[in-house]
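Undergrad: Here it is: the structure, laid out below.
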Amino acid sequence: MKIQIPYAWGFKIYKSSPRPIRRLIDIALKPIPRSVMLGSGFHEKLKFLLKSEKWEYKKLVEFQERALRKLIEHAYRNVPYYHRIFRERGLLPSDIRKIEDLNKLPVLTKDDIRSNFSDLIAVNYKEFKPGLAYTSGSTGKPLEFYLDQQNREWEYASQWRQVFWGGIRNVNVKIATFRGDFVFEYGKTNKVARWHGLYKELIFNTYLLDPEHIKRMVEILNKFKPELIKGYPHALYIIAKNIEEMDLQLKFKPRVIQPSSEQLTLYMREVIERIFEPEHILDWYSQSEYVISIGQCELGEYHQTMETGIMSTIEDDWGFERLVGTGLWNYSMPFINYMIGDIIRTSNDIPKCGRNLTLVRSLEGRVNDIVITPSGKAISGVGFDHYVKHRIIHYLKVIPDYLHFIQTKLDEMVVEIYSSNPIPKGDIDLLIRELKLLLGDEMNIKIKYLDKLPKSKKWRIVESKVSKL
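Residues in the sequence shown are numbered from 1371 upward in steps of one, following the working numbering.
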């Protein structure tokens, strides 16, 4: 799940409202520019980030450590989990002054968060205007957490700073978005796009990526002419491939394409770039938890957003360096030494662009395959994951410890399940029903129960063994 607006309460009301009410909200909000909707907190942070990126590296680290000391003091005094950890280890907030002092604290895993959810919430959490969010990990098991208002503003400002790197200097530009926003409406509408009043974006239905619907998308894009395109790399790649194969014409060139939420391969980048011809493709990496973000600049270098998080690594059993992060601005539910788990390699090279933000040489995570349905529709891996989280997992009475979807044939999908608790028949019926709604009745769904929880190096919720696009 990814909150893309600064006002969680507004998003919650908007999302839960019936479609006619949302249409009225869209109409009411249409005259209000995005620059107003984003709010003063966002603009203050964006202005700060555009200045801080010019700082010397030492000054950036000093800023991180000042923010860290404030967070640690708060966590010790107001978060029961961290207060207990400090007492057990004989530590005081004064013992965590520098980044290297974080080694004195344990790594926080997703299982730790699930087991200590209430104790990880600050006693004064309401002061920070949090909203409840959730995501899934490598096993498909959801993780709930709170996100502060200020944390959302920092994340959104960081994304916009990257857009500014691509030459766009106005937040009121036209935006077309290709993510999973239609997940709640799937099966109820054949619309390929609609205006989102809160996002102020034209959002496209990435669950209708077949040739006929893509033709309609291209017609709408040619009329709308977005300067900024955001979305899942797989979705953008599928659309680009279809445009090429059907010899369709794009009558505009976006200034910036900002892929996010899954790994952008070199081949996908080349196809998207060749078809859309943007000035820049700027890859964006983050998590739903908003702990560590990494953005690609106009020269192709990847920079960590040092102002919002502290990045470190830990070596796993296979010798890979796994990403660990400390988010600096989530006070309602601090994540300190949080095991993100993606494979990462940093660099000590001097950035060519002049920004002294930490360079990232390579990053590997969120690897999913494209699912091809018997009818010829293509579904991006992250779009499939989004559907499973919101249309299946959210409604299960028993959440499995592990879910893995494998498309073994064009008309067959195997669902591997491991659960430490018995799964009721109603849950399996719901899973099969929702999968058939997405994939078509021709798709044969097979359930495979596992005896133990698998160990895997890759984060791959959906895997396809049929021909790739």
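C-beta: ideal position from N, C-alpha, C; glycine also.
Leaving aside the five residues before and after R1692 along the sequence, list all residues of the same chain whose C-beta is less than 8 Å from its C-beta, in chain order.
TA: Locating residue 1692 in the sequence shown gives position 322, counting from the first residue. Here the set comprises T1683, I1684, E1685, D1686, M1709, I1710, G1711, D1712, I1713, I1714.
Undergrad: Among the candidates F1646, M1681, T1728, whose CA atom is the shortest distance from the CA of C1667?
TA: Numbered from 1 along the sequence shown, position 297 holds the residue referred to as residue 1667. The closest CA to that of C1667, considering only F1646, M1681, T1728, is found on T1728.
Undergrad: Rounded to whole angstroms, how far is the Cβ of I1483 from the Cβ of L1490, which I believe are closer than 8 Å?
TA: Counted from its first residue, the sequence shown places residue 1483 at position 113. Counted from its first residue, the sequence shown places residue 1490 at position 120. Sure, about 6 Å apart at Cβ, within 8 Å.
Undergrad: Could you have a look at S1311 and say whether DSSP puts it in helix, strand or coil?
TA: Here the chain has residues from 1371 to 1839 only, and residue 1311 is not among them.
Undergrad: Hey, G1567 and H1650: beta-carbon distance below 8 Å or not?
TA: Within the sequence shown, numbered from 1, the residue matching residue 1567 stands at position 197. Within the sequence shown, numbered from 1, the residue matching residue 1650 stands at position 280. G1567 places its beta carbon 8 Å or farther from that of H1650.
Undergrad: Tell me whether the beta-carbon of P1704 lies closer than 8 Å to the beta-carbon of A1445.
TA: In the sequence shown, counting from the first residue as 1, residue 1704 sits at position 334. In the sequence shown, counting from the first residue as 1, residue 1445 sits at position 75. Cβ distance < 8 Å, so P1704 and A1445 count as in contact.
Undergrad: If you reduce the DSSP assignment to three classes, tell me which class Y1655 lands in.
TA: The residue given as residue 1655 occupies position 285 in the sequence shown. Three-state DSSP puts Y1655 in a strand.
Undergrad: Report buried or exposed for Y1377, applying the criterion of at least 16 other Cβ atoms within 10 angstroms of its Cβ.
TA: Counting from 1 along the sequence shown, the entry for residue 1377 is found at position 7. In this prediction, Y1377 scores a pLDDT of 46, lower than 50, which makes its location untrustworthy; the coordinate-derived value is nonetheless stated afterwards. It is buried - the Cβ of Y1377 has at least 16 other Cβ atoms within 10 Å.
Undergrad: Measuring CA to CA, which of K1428, S1405, G1670, L1419 is closest to K1544?
TA: The sequence position of residue 1544 within the sequence shown is 174, counting from 1. Just measuring C-alpha positions, the residue of K1428, S1405, G1670, L1419 sitting nearest K1544 is S1405.
Undergrad: According to DSSP, is W1425 part of a helix, a strand, or is it coil?
TA: What you label residue 1425 is simply residue 55 of the sequence shown in a count that begins at 1. Looking at W1425 - three-state DSSP - the assignment turns out to be coil, as it is neither helix nor strand.
Undergrad: Just the Cα atoms here: how many angstroms apart are K1440 and L1766?
TA: By 1-based counting over the sequence shown, the position of residue 1440 is 70. By 1-based counting over the sequence shown, the position of residue 1766 is 396. When rounded, the distance between both Cα atoms is 39 Å.
Undergrad: The alpha helix (DSSP H) that contains R1467, what's its start and end?
TA: Position 97 of the sequence shown holds residue 1467. Unbroken run through R1467: none, as it is neither H nor E.
Undergrad: Would N1592 pass as a contact of L1572 if the rule is Cβ separation under 8 Å?
TA: Taking the first residue of the sequence shown as 1, we reach residue 1592 at position 222. Taking the first residue of the sequence shown as 1, we reach residue 1572 at position 202. For the pair N1592 and L1572, the CB atoms are not nearer than the 8 Å cut-off.
Undergrad: Do you know whose CA, among E1597, Q1633, I1645, lies nearest G1665's CA?
TA: On the sequence shown, residue 1665 is found 295 positions in, with the first residue counted as 1. G1665 has its Cα closest to that of Q1633, out of E1597, Q1633, I1645.
Undergrad: Would you kindly work out how many angstroms separate the C-alpha atoms of K1822 and K1511, rounded to a whole number?
TA: Taking the sequence shown and counting its residues from 1, one reaches residue 1822 at position 452. Taking the sequence shown and counting its residues from 1, one reaches residue 1511 at position 141. Straight across, the Cα-Cα distance linking K1822 with K1511 is about 15 Å.
Undergrad: At what residues does the beta strand (DSSP E) containing K1825 begin and finish?
TA: Mapped onto the sequence shown, residue 1825 falls at position 455. Looking at the DSSP string, K1825 is not in any beta strand (DSSP E), and its letter there is neither H nor E.
Undergrad: Of all the options F1552, I1776, Y1772, which has the alpha carbon lying nearest to the alpha carbon of G1601?
TA: Here residue 1601 corresponds to residue number 231 of the sequence shown, with the count starting at 1. Nearest C-alpha to G1601: F1552.
Undergrad: Given a threshold of 16 other Cβ atoms within 10 Å of its Cβ, counted over all protein chains shown, does R1725 qualify as buried or as exposed?
TA: Counting from one through the sequence shown, the residue named residue 1725 turns up at place 355. Buried, by the Cβ-count rule.
Undergrad: Let's test the definition: count the other Cβ atoms within 10 Å of the Cβ of Q1374 and tell me whether it reaches 16, buried, or not, exposed.
TA: Here residue 1374 corresponds to residue number 4 of the sequence shown, with the count starting at 1. Low per-residue confidence applies at Q1374: pLDDT is 39, beneath 50, and the placement is therefore not dependable, though the value from the model is reported in the following sentence. Q1374 comes out buried.
Undergrad: Look up I1402 in the DSSP assignment and say whether it is helix, strand or coil.
TA: Within the sequence shown, residue 1402 is the residue found at index 32, counting from 1. It is coil, neither helix nor strand.
Undergrad: Count the other CB atoms within 10 Å of the CB of K1468; is the residue buried (16 or more) or exposed (fewer)?
TA: The sequence position of residue 1468 within the sequence shown is 98, counting from 1. So K1468 ends up on the exposed side.
Undergrad: Would you list, in sequence order, the uninterrupted alpha helix (DSSP H) runs of no fewer than 4 residues that lie entirely inside the stretch 1523-1602?
TA: 1581-1594
Undergrad: Classify S1583 as buried or exposed, calling it buried when 16 or more other Cβ atoms lie within 10 Å of its own Cβ.
TA: Here residue 1583 is taken as the residue at index 213 of the sequence shown, counted from 1. The question names Ser, but residue 1583 in the sequence shown is His. Result: buried.
Undergrad: Return the residue from the list V1784, P1792, R1803 that minimises the CA-CA distance to I1831.
TA: Start at 1 with the first residue of the sequence shown, and residue 1831 comes out as number 461. Nearest C-alpha to I1831: V1784.
Undergrad: Would you call the stretch 1777-1797 and the stretch 1633-1648 touching, i.e. three or more CB-CB distances under 8 Å?
TA: no
Undergrad: If contact is defined by three or more beta carbon pairs under 8 Å, each pair taking one atom from either stretch, is the stretch 1454-1468 in contact with the stretch 1413-1426?
TA: no
Undergrad: Can S1834 and V1768 be called in contact, C-beta distance under 8 Å?
TA: Against the sequence shown, residue 1834 aligns to sequence position 464. Against the sequence shown, residue 1768 aligns to sequence position 398. In this structure, V1768 does not lie closer than 8 Å to S1834 by Cβ.
Undergrad: To the nearest whole angstrom, what separates the beta carbons of F1646 and P1624, a pair I think is in contact under 8 Å?
TA: Start at 1 with the first residue of the sequence shown, and residue 1646 comes out as number 276. Start at 1 with the first residue of the sequence shown, and residue 1624 comes out as number 254. Contact flag correct, Cβ pair sits at about 6 Å.
Undergrad: State the Cα-Cα distance for the pair W1699 and S1732, rounded to the nearest angstrom.
TA: One-based indexing of the sequence shown puts residue 1699 at position 329. One-based indexing of the sequence shown puts residue 1732 at position 362. Answer to the nearest angstrom: the Cα atoms are 25 Å apart.
Undergrad: Grab me the residues of I1442's own chain with a C-beta within less than 7 Å of its C-beta, minus the 5 sequence neighbours each way, in chain order.
TA: On the sequence shown, position 72 is the one that residue 1442 refers to. Closer than 7 Å at the Cβ level, and outside the excluded window around I1442, lie P1463, I1466.
Undergrad: Would you identify the three-state DSSP class for D1781, choosing helix, strand or coil?
TA: For the purposes of this step, residue 1781 is taken as residue 411 along the sequence shown, with counting starting at 1. Correct three-state label for D1781: coil.
Undergrad: So for S1485, helix, strand or coil by DSSP?
TA: On the sequence shown, position 115 is the one that residue 1485 refers to. Reduced to three states, the DSSP call for S1485 is helix.
Undergrad: Just to confirm the assignment, what range does the alpha helix (DSSP H) spanning G1753 have?
TA: Counting from 1 along the sequence shown, the entry for residue 1753 is found at position 383. Element bounds for G1753: 1751-1757.
Undergrad: Measure from the alpha carbon of Y1660 to the alpha carbon of each residue in K1818, N1448, K1499, Q1529, then state which is nearest.
TA: For this step, residue 1660 is matched to residue 290 along the sequence shown. For Y1660, the nearest C-alpha among the options comes from Q1529.
Undergrad: Give the secondary structure of F1690 by DSSP, where H, G and I count as helix, E and B as strand, and everything else as coil.
TA: For this step, residue 1690 is matched to residue 320 along the sequence shown. Of the three classes helix, strand and coil, the one that applies to F1690 here is coil, per DSSP.
Undergrad: My assumption, with CB atoms under 8 Å, is that V1541 sits in contact with L1399. Please give the rounded CB distance.
TA: Residue mapping note: residue 1541 aligns to position 171 of the sequence shown, counting from 1. Residue mapping note: residue 1399 aligns to position 29 of the sequence shown, counting from 1. Rounded, the Cβ-Cβ distance is 15 Å, inconsistent with contact.
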